[in-house]
Amino acid sequence: MQRNKKAVSLIYLACGFMGWLLFREIAGTAWILLRLPLPADWIVPPPDIVAALFGIAIFVGLIKSERVNTFTNEVITELSKVVWPNRKETLLSTGVVSVLVGICSVILFLFDMLWGTLVKVVYQ
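Residues 0 to 123 in numbering that gives the first Met the number 0 are what the sequence shown spells out, letter by letter.
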């Protein structure tokens, strides 16, 4: 459970960071569209400050929510039960899928050619 707590915190931190990136663009665009002043002497522009507060709010909201924490811990627990295929199985499955896609594309090509020829004959 302790290992999950670190993973969950990193996931929430990533969500807060993505929220900051998204809201930074939205706030910057809104700031320009609303023609709000941008103080030149500020090191960090106001849209970035608003976006940072939004990202922090996302992170804190996720950390504090019991339902979200329970769900995330259950997801991590279920993912730890997954048996991932090894390299040989992955390459074999990829080969089988590629061959079947090739066969299906040839069948569809032939059907399309037949249908096109049939349509030309009917309309002439």
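Heads up, the beta-carbon is just placed ideally off N, CA and C, and yes, glycines get one too.
{"Check": "With 16 other Cβ atoms within 10 Å as the buried cut-off, status of residue 84", "Outcome": "exposed"}
{"Check": "Buried versus exposed, by CB contacts within 10 Å (16 or more), residue 59", "Outcome": "exposed"}
{"Check": "Short Cβ contact (9 Å threshold) for residue 18 with residue 47", "Outcome": "no"}
{"Check": "Exposure of residue 7, with buried meaning 16 or more beta-carbon neighbours within 10 Å", "Outcome": "buried"}
{"Check": "Neighbour-count burial assignment, residue 115, 16 or more Cβ in a 10 Å radius", "Outcome": "exposed"}
{"Check": "Cβ neighbours of residue 53 in the same chain (closer than 7 Å, five flanking residues each side left out)", "Outcome": "18, 19 and 22"}
{"Check": "Straight-line gap, residue 65 to residue 11 (C-alpha atoms, nearest Å)", "Outcome": "13 Å"}
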